[in-house]
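Peer 1:
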Ligand SMILES: [Zn+2]
Ligand SMILES: [Zn+2]
């Protein structure tokens with residue numbers, strides 16, 4: 272029971288910072304936060320993505336490219352052009368790692384995406400990633416009540432990229448479209464996106480990429496948008 276609860280909690284905490292900080296803030300600048308609050312969000316993204324931390328600047332640059340070239344051969348991750356799941360993930364990782372390295376080596380500078388160089392170094396280090404994996408393992412060692420529960424352990428270890436894969440693959444492959452005029456393959460995968468906090472309304476999002484609410488129809492509900500409204504009311508973002 273504790274393992275199951277921990278999995279759900281880790282899933283949504285990690286997802287919360289992916290959709291709010293990496294996607295809506297770092298990639299689309301949909302709202303603002305003070306430099307101090309930005310650092311808090313940066314640190315919490317690191318804490319909850321842990322071993323699979325996604326570099327916010329590299330994420331932002333790659334995501335902007337995805338919007339500029341959606342489902343064309345220049346899209347860094349389009350299931351329309353790369354139909355094999357393994358090649359799809361491999362291509363995404365290669366392009367993402369190159370961006371991370373370019374930022375680390377100072378070959379790339381971009382003032383529109385959040386940077387925190389010391390945090391980038393700490394989070395990207397293999398020792399840090401290994402330490403997180405050890406913590407996940409020890410947690411399972413103490414709290415699992417049956418050996419089969421260890422099958423969930425890889426989900427904790429790869430949490431960030433798993434979320435990215437679900438959105439990038441299914442969000443451009445399976446589902447329905449509200450905006451058929453769009454010249455891409457974006458789909459709304461779930462009518463009620465409880466799984467990815469609104470990220471699976473890709474068709475709506477590509478139609479109006481700067482609209483902070485990804486839901487359009489009465490039955491669609493963007494939980495990520497709801498979270499931003501709460502943060503705004505609490506004066507954490509503006
Ligand atoms: Zn997309
Ligand atoms: Zn986007």
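Residue numbers (the numbering used here): 272 to 509. Using N, Cα and C, we set each Cβ at its ideal position, and we do this for glycine too.
1. Excluding five sequence neighbours on each side, which residues of the same chain lie with their C-beta closer than 6 Å to the C-beta of residue 319?
2. Would you kindly work out how many angstroms separate the C-alpha atoms of residue 453 and residue 274, rounded to a whole number?
3. Below 7 Å, is the gap between the Cβ of residue 326 and the nearest heavy atom of ligand 2?
4. Near ligand 2, which residues have their beta-carbon closer than 6 Å to a heavy atom?
5. For residue 460, is the beta carbon positioned less than 7 Å from some heavy atom of ligand 1?
6. If the criterion is Cβ atoms closer than 8 Å, does the pair residue 458 and residue 481 meet it?
7. Express the C-alpha separation of residue 290 and residue 447 in angstroms, rounding to a whole number.
8. Mind checking whether residue 303 and residue 509 have CB atoms under 8 Å apart?
9. Would you kindly report the start and end of the unbroken alpha helix (DSSP H) that includes residue 446?
10. Only counting runs of 3 or more residues, tell me where the beta strand (DSSP E) segments fall wholly within the segment 279-318, in order along the chain.
11. Sorry if obvious, but does the Cβ on residue 500 come closer than 7 Å to a heavy atom of ligand 1?
12. Considering only the alpha carbon of each residue, which of 272, 429, 301 and 394 lies closest to residue 313?
13. Are residue 430 and residue 370 closer than 8 Å when you measure CB to CB?
14. What are the start and end residues of each continuous alpha helix (DSSP H) run of 4 or more residues lying completely inside the segment 353-425, in chain order?
15. Taking 8 Å as the limit between beta carbons, can you name the residues of its chain near residue 331, skipping five residues before and five after?
16. List the endpoints of the continuous alpha helix (DSSP H) containing residue 504.
Peer 2: Straight from the coordinates:
1. Same-chain partners within the cutoff: 284, 285 and 288.
2. Roughly 42 Å separates the two Cα atoms.
3. Within 7 Å of the C-beta of residue 326 there is not a single heavy atom belonging to ligand 2.
4. Those residues, listed in chain order, are 294, 298, 299, 334, 338, 476 and 480.
5. No, the beta carbon of residue 460 sits no closer than 7 Å to any heavy atom of ligand 1.
6. Their beta carbons are not under 8 Å apart, which means residue 458 does not touch residue 481 by this criterion.
7. Spanning the two alpha carbons is a distance of roughly 21 Å.
8. Their beta carbons are under 8 Å apart, which means residue 303 touches residue 509 by this criterion.
9. Element bounds for residue 446: n/a, residue is neither H nor E.
10. Runs of the beta strand (DSSP E) inside the segment 279-318: none found.
11. No.
12. The shortest Cα separation from residue 313 among 272, 429, 301 and 394 belongs to 394.
13. No, they are not a contact pair.
14. List check, alpha helix (DSSP H) in window: 356-375, 388-395 and 397-414.
15. So the qualifying residues of the chain are 293, 297, 298, 381, 383, 384 and 385.
16. Start and end: 494-504.
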